[in-house]
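Residues 0 to 191, numbered by numbering that gives the first Met the number 0, are exactly what the sequence shown covers, in order. Just so it is clear, CB atoms sit at the ideal spot from N, CA and C, and this is done for glycine as well. To keep things clear, I will list the structure first and then write my remarks on it.
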Amino acid sequence: MGLGDDIERILWTEQEIADKISELGSQITRDLRHGGVAPPPPIAVVVGVATGAFMFVADLVKKIDLSIAVDFIRVESYGSGTVSSGRPTIPFDLKLDVGGKHVLLVEDIIDSGRSMACLIDYMKSRGASSVSVCTLLDKPARRKVDFEVVGEGKFYSGFECPDEFVVGYGLDFDEAYRNLPYIGVLRPELYQ
Ligand code: 5GP
Ligand code: MG
Ligand code: MG
């Protein structure tokens, strides 16, 4: 008996996630180099979206071979359930000043797009010189709000996610399951 017993189906294993993150890290490193970002000092700031992206950020930054800074922000659009509650808010601020910096927003999953649109606007209002987005999972079928990267920013996406509620590798249901090392679909009887 273990936490994994609550998972109906594994979508991406620990190894598949690790391989994808190596690819993303190499691509981001190449793009930042070509954008003329020269270390040190760090002029790119990786901003993880708490709490869901904490594990992804930790693994991704190890694969970015450049001087970067790391910070976290929070955006809340969900209650404890599985359905969006509408307009997102930012309940805690960045520690770092992103003015004039290249920002890479790192998310666990993009669903309606509302959180990401809100975060990009916020980074613009803070004077970021470019805003890129790196999401581990994308559910394009559920997009309600469009967003655009800023300046020379790029959009990176790990896996396209089917229209199902997934947990693990940072993603929660009611704050549980974040510590699973893989991503899977929760047994529906657990949340219905
Ligand atoms: P959006 O603003 O794009 O609708 O929502 C993004 C946030 O919704 C994600 O950061 C995540 O917290 C939550 N979310 C959306 N889909 C899922 C899912 O399948 N599983 C989990 N655990 N969270 C999700
Ligand atoms: Mg998130
Ligand atoms: Mg959540």
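Asked                                                                                                                                                                       : Found
Suppose you measure from the CA of TYR190 to the CA of GLY183; what does that come to, to the nearest Å?                                                                    : 14 Å
By a C-beta neighbour count over all protein chains shown, 10 Å radius and 16 as the cutoff for buried, is ALA175 buried or exposed?                                        : exposed
For GLU7, I'd like the list of residues in its chain whose CB is within less than 8 Å of its CB, leaving aside the five on either flank, ordered along the chain.           : GLY183, VAL184, LEU185, ARG186, PRO187
Drop a sphere of 10 angstroms on the beta-carbon of GLU106, count the other beta-carbons inside from all chains shown, and report buried for 16 or more, exposed for fewer. : buried
Can you find the residues in the same chain that come closer than 7 Å, C-beta to C-beta, to THR28, ignoring five residues on each side of it along the sequence?            : ILE63, ASP64, LEU65
Helix, strand or coil for ALA175 per DSSP?                                                                                                                                  : strand
Where DSSP assigns a beta bridge to PHE158, which residues make up the other side?                                                                                          : LEU136
Check the C-beta distance from LYS123 over to VAL130 and give it rounded, since I have them as a contact under 8 Å.                                                         : 7 Å
Since I believe TYR155 is in contact with LEU23 (beta carbons under 8 Å), could you give me their beta-carbon distance rounded to a whole number of angstroms?              : 6 Å
With C-beta atoms as the reference, is VAL74 less than 9 Å away from ILE89?                                                                                                 : yes
In chain order, which continuous runs of the beta strand (DSSP E) of length 3 or greater are located wholly inside the region 10-39?                                        : none
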